[in-house]
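Peer 1:
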Amino acid sequence: MRIGVLISGRGSNLKALIDACEEPGFRGRIALVISNRPGAAGLAVAEAAGIPTAVIDHKEFSTRETFDAELHRALTKAGVELVCNAGFMRILSDGFVEKWRDRQLNIHPSLLPAFKGLHVHQRALDAGVKITGCTVHFVRPEMDEGPIVAQAAVPVLPGDTAETLSQRVLEAEHKLYPLALKLVVEERARVVDENVRIDYDGATVGGPLFVPAG
Ligand code: GAR
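Residue numbers 85 to 298, in this note's numbering, belong to the letters of the sequence shown in order.
1. With a threshold of 16 other CB atoms inside 10 Å of the CB of Asp178, please say whether the residue is buried or exposed.
2. Give the range of the beta strand (DSSP E) segment to which Phe151 is assigned.
3. Would the segment 257-268 and the segment 224-238 be scored as touching if the rule is three or more Cβ pairs under 8 Å?
4. Buried or exposed for Asp152, going by 16 or more other Cβ atoms inside 10 Å?
5. What runs of the alpha helix (DSSP H), each 4 residues or longer, lie entirely inside the segment 197-267?
6. Would you check whether the ligand GAR has a heavy atom nearer than 7 Å to the C-beta of Ile191?
7. What is the rounded straight-line gap between the Cα of Lys214 and the Cα of Val295?
8. Thr216: buried (16+ other C-beta within 10 angstroms of its C-beta) or exposed?
9. Going by CA-CA distance only, name the one from Val276, Asp244, Ile175 that's closest to Asn120.
10. So does the segment 154-167 actually touch the segment 199-214, counting three or more Cβ pairs closer than 8 Å?
11. Around the C-beta of Pro292, are 16 or more other C-beta atoms found within 10 angstroms, so that it is buried, or is it exposed?
12. Can you tell me whether DSSP reads Asn97 as helix, strand or coil?
13. Is it true that the CB of Ile102 sits closer than 8 Å to the CB of Ile118?
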């Protein structure tokens, strides 16, 4: 399966996906990495792995729809079949999301539906939760919504700051995204009635796949 990865920044989840695709027998490969920000560090991560990159700068487009049309054009030209958002910080138009329905994944650093949007770790600390985590889900037009493929739990520890908590969650993200991607490229995770069903050990079970803390 040909994968397109959308990034806006650092690209550490992109690196985890690149490493996963290099595993022997992995059924996906990254055909293109697109950043909406020129100079995003993740572009160098892709280039170091010999993966084609493109910058589609949202500032050069007068509407969300024209930016998304260019994104769609680049992805289809590269033969992309599955899109992975990896720290992609742009809201996509409904039209784009529908074109990639059930063929676009996103990772979010919380246990959705808790803490959608920005400043997730500070909000988790302010709410006093003892467990947070990360979620990989199929993308829907509403922000940080859609059928959940997999979630990993991460403890909040005494004395945590948004920075220390985000680091701990990020480590879990780097394990969870490759795991979820593997299920999707092997067509073992699929959307049925807006829930993810997962083929596991010869049986089909209800999703999401849940990875406990530690
Ligand atoms: C990750 O923590 C990812 O979950 C988050 O941005 C970070 C990107 O880091 N994404 C979102 O908040 C999307 N709603 P990375 O560029 O090092 O992968």
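Here a beta-carbon is modelled for each residue, glycine too, at the ideal position from N, C-alpha and C. As the structure is a prediction and not an experimental result, all values here were calculated from the model.
Peer 2: In brief:
1. Along the sequence shown, one-based indexing puts residue 178 at 94. With fewer than 16 other Cβ atoms within 10 Å, it is exposed.
2. Taking the first residue of the sequence shown as 1, we reach residue 151 at position 67. Note, Phe151: premise wrong, no beta strand (DSSP E); alpha helix (DSSP H) at 148-161.
3. Segments in contact, yes.
4. In the sequence shown, counting from the first residue as 1, residue 152 sits at position 68. Around the beta carbon of Asp152, 16 or more other beta carbons sit within 10 angstroms, so the residue counts as buried.
5. DSSP runs (the alpha helix (DSSP H)) wholly in the segment 197-267: 204-211.
6. As a first step, residue 191 is located in the sequence shown; it is residue number 107 there, counting from the start. Indeed, a heavy atom of the ligand GAR lies less than 7 Å from the Cβ.
7. One-based indexing of the sequence shown puts residue 214 at position 130. One-based indexing of the sequence shown puts residue 295 at position 211. Roughly 16 Å separates the two Cα atoms.
8. What you label residue 216 is simply residue 132 of the sequence shown in a count that begins at 1. By the 10 Å Cβ count, Thr216 comes out buried.
9. Here residue 120 corresponds to residue number 36 of the sequence shown, with the count starting at 1. Distances from the CA of Asn120 to each of Val276, Asp244, Ile175 were compared; the closest alpha carbon is that of Ile175.
10. Too few Cβ pairs lie closer than 8 Å, so no.
11. Taking the sequence shown and counting its residues from 1, the one referred to as residue 292 is at position 208. Flag for Pro292 reads buried.
12. Locating residue 97 in the sequence shown gives position 13, where the first residue counts as 1. In this structure, Asn97 counts as helix in the three-state DSSP scheme.
13. If you number the sequence shown from 1, residue 118 lands on position 34. If you number the sequence shown from 1, residue 102 lands on position 18. Here Ile118 is not near Ile102, since their CB atoms are 8 Å or more apart.
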